[in-house]
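*Asks:* Residue numbers (the numbering used here): 466 to 1492.
1. Indicate the three-state DSSP secondary structure (helix, strand or coil) for residue 870 in the structure shown.
2. Is residue 500 close to chain C? Criterion is C-beta to C-beta, closer than 8 Å.
3. Curious, which full-length beta strand (DSSP E) runs of at least 3 residues does the region 1059-1116 contain?
4. Can you tell me the Cα-Cα spacing of residue 746 and residue 718, whole angstroms?
5. For residue 1125 versus residue 1046, is the C-beta distance shorter than 8 Å?
6. Ignoring anything shorter than 3 residues or poking outside the region 778-823, list the beta strand (DSSP E) runs there in chain order.
7. I want to know whether the region 996-1011 touches the region 918-936 - three or more CB-CB distances under 8 Å.
8. Let's test the definition: count the other Cβ atoms within 10 Å of the Cβ of residue 1074 and tell me whether it reaches 16, buried, or not, exposed.
9. Based on Cα-Cα distance, which residue from 1166, 1402, 592, 1150 lies nearest to residue 1139?
10. Report the rounded CA-to-CA distance for residue 1270 versus residue 1201, giving the unit in angstroms.
11. Just list the beta strand (DSSP E) runs in the region 1192-1228, keeping only unbroken ones of 3 residues or longer that don't cross its boundaries, in chain order.
12. Verify whether the separation of the beta carbon atoms of residue 544 and residue 559 is less than 8 Å.
13. Could you pull the start and end residues of the beta strand (DSSP E) that residue 573 belongs to?
14. Count the other C-beta atoms from every protein chain shown that fall within 10 angstroms of the C-beta of residue 776, then say buried if there are 16 or more, exposed otherwise.
15. How long is the line joining the alpha carbons of residue 1164 and residue 1443, rounded to whole angstroms?
16. Pull up the distance between the alpha-carbon of residue 1240 and that of residue 1038, whole angstroms please.
17. Taking the beta strand (DSSP E) that residue 1441 belongs to, which residues open and close that run?
18. Under 8 Å Cβ to Cβ from residue 1309, same chain only, skipping five residues before and after it: list those, please.
19. Let's see if you can read the secondary structure: which residues bound the beta strand (DSSP E) around residue 844?
20. At 3 residues or longer, and completely inside the region 1357-1442: list those beta strand (DSSP E) runs for me, N to C.
21. Please state the DSSP three-state secondary structure of residue 1277.
22. What are the boundary residues of the beta strand (DSSP E) that residue 1345 is part of?
23. Who are the near neighbours of residue 1320 in its chain, counting only those whose CB is closer than 6 Å to its CB and skipping five residues on each side?
24. Which of helix, strand or coil does DSSP assign to residue 751?
25. By a C-beta neighbour count over all protein chains shown, 10 Å radius and 16 as the cutoff for buried, is residue 1432 buried or exposed?
26. Is residue 1315 helix, strand or coil by DSSP?
27. Just to confirm the assignment, what range does the beta strand (DSSP E) spanning residue 875 have?
28. Within the continuous beta strand (DSSP E) that includes residue 1493, where are the two ends?
29. Mark residue 969 as exposed unless 16 or more other C-beta atoms lie within 10 angstroms of its C-beta, in which case mark it buried.
30. Starting from residue 1236 and walking both ways along the beta strand (DSSP E), at which residues does that stretch end?
31. What do you reckon, are the CB atoms on residue 979 and residue 910 nearer than 8 Å?
32. How would you call residue 844, buried or exposed, if buried means at least 16 neighbouring beta carbons within 10 angstroms?
33. Can you tell me the Cα-Cα spacing of residue 1345 and residue 1384, whole angstroms?
34. Going along the chain, which residues of its own chain have a beta-carbon closer than 7 Å to the beta-carbon of residue 602, five neighbours each way excluded?
35. Classify residue 1132 as buried or exposed, calling it buried when 16 or more other Cβ atoms lie within 10 Å of its own Cβ.
36. Report, in whole angstroms, the separation of the C-beta atoms of residue 607 and residue 533, which I expect to be a contact under 8 Å.
Put into structure tokens, the structure is as follows:
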């Protein structure tokens, strides 16, 4: 049984038990009440405040008294204070508690067709990140009216999203990371502000480890730490004082350090060492290691590959940064198989030199001397050993290593670390190696995977094929073909971004040569990933394969945070008579990694599992993806819609909107469950989100055009729907709709008007007035009026039936509580004029075969047909005024000059902007107070992306820089939205200095037009001398 207000109608008959003959029997009809609740805003940062509204609706002809309810919020949500109460009675909401209650309240009776209502509003907050669903259950309301108990028959839910305030991070490094004793290294300490607020009063102290001290001079510097910041050195401590760090920026402290003692020194800044006025600190420690050497030991082979019988030279280098020589130098080096000594070694270590001796696989120095030197010019000597590979050796790669115990001196000084050198052995088998660099990465960052395939020394390889299957969780990140060298002129490499396999085909390799493949990969989930190429995955015409698996391991740490949250709401949260409400779904990326491929489906609630009932997509749906990118898709009247292909930058958020409506009365709750979101990053939403929409008995008006868009001279059917969700018949029903200038009621072969609403209907061809008088509509039903309309001039025509336009008999008193709006787009015949191709705004002469909207404002057309060249008429080339202005938008890689575009009769020809940004003359001069409108092409005349092709992806809070006369003007993005081509609000005046950036969007191949514009607005936030 439906739990709507009407279907749950309760007839209460109050009869006196002690009635006497002739006593009157009293009957009272009562309807259940409804409760709805909302959070405004639906998403806050930890510690911020949201307004919780709880509203009672009374559809009865009598008031409700002694109204009471209790809302037990999730424990993570706490009361701040009571904002307002229109219900009377007593509201209990103690600051810091998670419970709100009303007692003794009064709800007014329904007035005409409008239910009575009252609202309790309470400010709430939370410091815990997450999605928190607050639900008032069925029966929570207790009230009295009409002599009976009145309660709510539907639950109501709302979701509050709390975003964690990003904590600052601290990192540090030494450059170089290894020095000679007495040498100098620059210590860098970097503070990154990951929070959404400016950090002020930042202070941080770093204590150097024992045996490490400041060089002379120490030369401390600060970068990005604010004008009031300073750095002090005291003993072996460096301290930042009073730093200011803007959101998303870094503060860097650098200072020179040194040491006289050999060793590996770890310099650590502990967690929570950073102090700020905002009480935000570093959650993890920062460490870096400095290696200090008193003696140097290194080695290398003269050739990267040694074939059977070939001789290469192994050179061992010894170095001394001290002012006195090292004596009694003894060294032993054992060669790895299959390398052998191939001749007499030589040395420069000593005058006379020390004694050299060899065996087949070993070389020794005894009694050698390493000359004196300095940290900037160490004394150096070498040992040179001829080596070779005997016949019958297997191909492969070997590493020659001298351990720290392999070198000694009379002074008791040995090397800090072992010396290693690797070389490829070209034998009669195929050899392969692979390695990740770096071998350990933070989640979401890149590592280079290098694969080396070496041909046998006795044969060439043809039709070489190598396939590498990356382990689950590791994917390719490079968006262009990965580089490969020496793999043959016909070789092809497949390494597609987002996939997990690498494939080399049609390769060729000369005997003993090496083919190298470099591919960049990433992983998002911490762990160790073993990557193996099986011998069977390497094939060639010669049937040569490696002797075993080729393996390397990538370690992924949790350095890059990953996650996605979403929260939804309705505006308004309550509608009458099936009117539409705007559903908003905010997507939130709380992590430091860009999220791509965001996809989900929202299944709205059906009534009794009957498709098309309950909560459905309104007509028109008015989908808007905002700055989320991707696509919203769904069909009016259906219970579900989908979003796909979205993306979010680190710490970014965006909002999707669409119109939804209800086919039944009462509350219905829409839920997107946990795990509903899919991403290319292999993460999903951990928490669900819920929001309730209340449909109250009454009347509504809606409208839509179909088809839409149309070409000039053709017609579109305008359907106007009146819906009555009450149980009272609407009589004396009247409605007028005046079409906008440029549209008329179609005649000729167009379909005749149709009226299903009774009464008298007027819709005369060639006029603009559609009118219904004295119509009628039964309870719980709907009726439609359908009229063909047409227009001859391209443009976007918004048609509105205002709120309150529906008239009914005074005894009913019902009207539409919301306006009905839809826009009909009339496209041009060819690219240009009304949409496609770079061109003019209103009132301009267009190329032959095109038309324009006469006398109507039209935003300049800033795009040509994508993917193909458009020939421009050079005789009509516009000349633009040069300015000293330049614009830079780093996040979408815009860096170009600004040209002045002359206004002629209120329009601007931007066809010839090319790679410039155009300032529309007549709007404020950029950097001055007012609204400066700038435009650039989304697609250039050659069919390739233009300067503003990524404008729609520009996120809120991003920065735009304008350079003028030695100053940099910084603007912060405050909105990014789609607008119609004739939306004149983009030109509205501002008291402050604003930029409005405009370009085209949504090219229609069928009509050769752009159907909408992207409008980005940014406000001036900073002016300073440019560097």
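Glycine is no exception: its CB is placed at the ideal position from the N, C-alpha and C atoms.
As the structure is a prediction and not an experimental result, all values here were calculated from the model.
*Replies:* The relevant details are as follows:
1. Looking at residue 870 - three-state DSSP - the assignment turns out to be helix.
2. Going by chain labels, chain C is absent from the structure shown, which holds only one protein chain.
3. Runs of the beta strand (DSSP E) inside the region 1059-1116: 1060-1068, 1080-1082, 1094-1099, 1105-1113.
4. CA-to-CA, the gap between residue 746 and residue 718 works out to about 17 Å.
5. Here residue 1125 is near residue 1046, since their CB atoms are less than 8 Å apart.
6. Listed in chain order, the complete beta strand (DSSP E) runs (minimum 3 residues) inside the region 778-823 are 791-799, 820-823.
7. The region 996-1011 is in contact with the region 918-936.
8. Counting Cβ neighbours within 10 Å, residue 1074 comes out exposed, since fewer than 16 surround it.
9. In terms of Cα proximity to residue 1139, the closest of 1166, 1402, 592, 1150 is 1150.
10. One C-alpha to the other measures close to 7 Å.
11. Whole beta strand (DSSP E) segments, 3+ residues: 1195-1203, 1225-1228.
12. Yes, Cβ-Cβ distance for residue 544 and residue 559 is below 8 Å.
13. In the DSSP annotation of this structure, residue 573 is not part of any beta strand (DSSP E), being labelled neither H nor E.
14. The residue is exposed, with fewer than 16 neighbouring Cβ atoms inside 10 Å.
15. Near 31 Å, if we compare the C-alpha coordinates of residue 1443 and residue 1164.
16. Using only the alpha carbons, I get a separation of about 30 Å.
17. Unbroken beta strand (DSSP E) run through residue 1441: 1432-1444.
18. Only weak support is given to the placement of residue 1309: the predicted model assigns it a pLDDT of 26, under 50, and the value that follows is read from those uncertain coordinates. Listed in chain order, the non-local C-beta contacts of residue 1309 below 8 Å within the same chain comprise 1317, 1369, 1370, 1372, 1374, local neighbours out to five positions each way being set aside.
19. Run containing residue 844: 844-853, per the beta strand (DSSP E) assignment.
20. Fully enclosed beta strand (DSSP E) runs of 3 or longer: 1359-1366, 1382-1385, 1395-1400, 1424-1429.
21. DSSP places residue 1277 in coil when its eight states are reduced to three.
22. Per DSSP, residue 1345 is not a residue of any beta strand (DSSP E), being assigned neither H nor E.
23. Because the pLDDT at residue 1320 is just 37, under 50, the model does not fix this residue reliably, and the value given afterwards should be weighed accordingly. Annotation for residue 1320: no residue places its beta carbon closer than 6 Å to its own, counting only its chain and skipping 5 residues before and after.
24. Residue 751: strand per DSSP, three-state reduction.
25. Around the CB of residue 1432, fewer than 16 other CB atoms lie within 10 Å, so the residue is classed as exposed.
26. Unreliable positioning characterises residue 1315 in this predicted model, as indicated by a pLDDT of 25, which lies under 50. A coordinate reading is not provided.
27. Looking at the DSSP string, residue 875 is not in any beta strand (DSSP E), and its letter there is neither H nor E.
28. Residue 1493 falls outside the range modelled here, since the chain spans only 466 to 1492, and no answer is possible.
29. With 16 or more Cβ atoms within 10 Å of its Cβ, residue 969 is classed as buried.
30. Element bounds for residue 1236: 1234-1242.
31. No. Outside cutoff.
32. Buried.
33. Inter-residue distance for residue 1345 and residue 1384 is about 10 Å (C-alpha atoms, whole angstroms).
34. Same-chain partners within the cutoff: 620.
35. Residue 1132 counts as buried, since at least 16 other C-beta atoms from the protein chains shown sit within 10 angstroms of its C-beta.
36. The distance from the Cβ of residue 607 to that of residue 533 is about 5 Å, consistent with a contact at the 8 Å cut-off.
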